[in-house]
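Counting in the numbering used here, the sequence shown runs from 1098 upward without gaps.
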Amino acid sequence: MATSSTPGKRRPRIKVPTTVPVASRDAAARRAAAAPKRKRVDMLKGDIVGVAVLITVVLVVLIAIAVPLRNYYSGRAEIARLEASIEAKKEQKADLEEQFERYNDPEYTKQEARRRLGMMEPGETAWRIIDPRMDVDAMTTQRTDGVDPDTPWTTILWDSLREVPEVPVDPPAEEQAPEPVEQ
1098 MATSSTPGKR RPRIKVPTTV PVASRDAAAR RAAAAPKRKR VDMLKGDIVG
1148 VAVLITVVLV VLIAIAVPLR NYYSGRAEIA RLEASIEAKK EQKADLEEQF
1198 ERYNDPEYTK QEARRRLGMM EPGETAWRII DPRMDVDAMT TQRTDGVDPD
1248 TPWTTILWDS LREVPEVPVD PPAEEQAPEP VEQ
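This is the structure:
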């Protein structure tokens, strides 16, 4: 059989049309034009979802950290309060120790015995200064309730519990109606 082809020469290929009918081409163009918009919408949705996930993660971390932080700061406040209390107790202890040391001094003890108890050492003379305007028989307080001074206190107490003092009651004041206002 004889071949019409020569070696080294290629056979021409048949071109397949690369264009499609008009209706198909228009649909393909519409799909191609819509594809970037869809990608943009998908990217925006992806960005929104990413931001939402990020916000959610941040909120979860804040909630997880909030309770330990609150406990930490309340503990620090409690420690500060207790340290202040300890410092106040130390100051009070120092004052009491100083007072204790003062009472160990015999001169201070004698001075306080004179001042508080009116005690005198043997050989000392106590002087009381009395106001010359005072009467010897005058009482410093006067009873104005009309109770006999010879009445025993138990009777006075019992009578005060048994008797209810009469309190004068004022009659209620009649309320006057406001005068009508002419309009």
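Where is the CB? At the ideal position from N, CA and C, for every residue including glycine.
Keep in mind it's a predicted model, so treat the numbers as computed, not measured.
Judging by CA-CA distance, which residue of the options is the nearest neighbour of residue i?
i       : options                   : result
Glu1218 : Trp1255, Gln1208, Thr1153 : Gln1208
Return the Cβ separation of residue i and residue j in integer angstroms, given the expectation that the two are a contact with Cβ distance under 8 Å.
i       : j       : result
Tyr1205 : Arg1199 : 5 Å
Ignore the nearest five residues each way along the sequence and tell me which others in residue i's own chain have a CB closer than 7 Å to its CB.
i       : result
Leu1179 : none
Val1244 : Ile1253
Give the range of the alpha helix (DSSP H) segment to which residue i is assigned.
i       : result
Arg1259 : 1250-1259
Pro1203 : 1203-1209
Taking 7 Å as the cut-off, is the beta-carbon of residue i closer than that to any non-hydrogen atom of the ligand HEM?
i       : result
Gly1220 : In the structure on display, the ligand HEM does not appear, and there are no ligands present to speak of.
For residue i, which residues in the same chain have their Cβ closer than 6 Å to its Cβ, ignoring the five residues on either side in sequence?
i       : result
Ala1223 : Met1217
Met1098 : The predicted model places Met1098 with a pLDDT of 49, which falls under 50 and marks its position as unreliable; any figure quoted below should be read in that light. Here the set comprises nothing.
Pro1246 : none
Among residues of its own chain, excluding the 5 on either side of residue i, which ones have a beta-carbon nearer than 8 Å to its beta-carbon?
i       : result
Ser1182 : none
Thr1251 : none
Pro1268 : none
Ala1210 : Met1216
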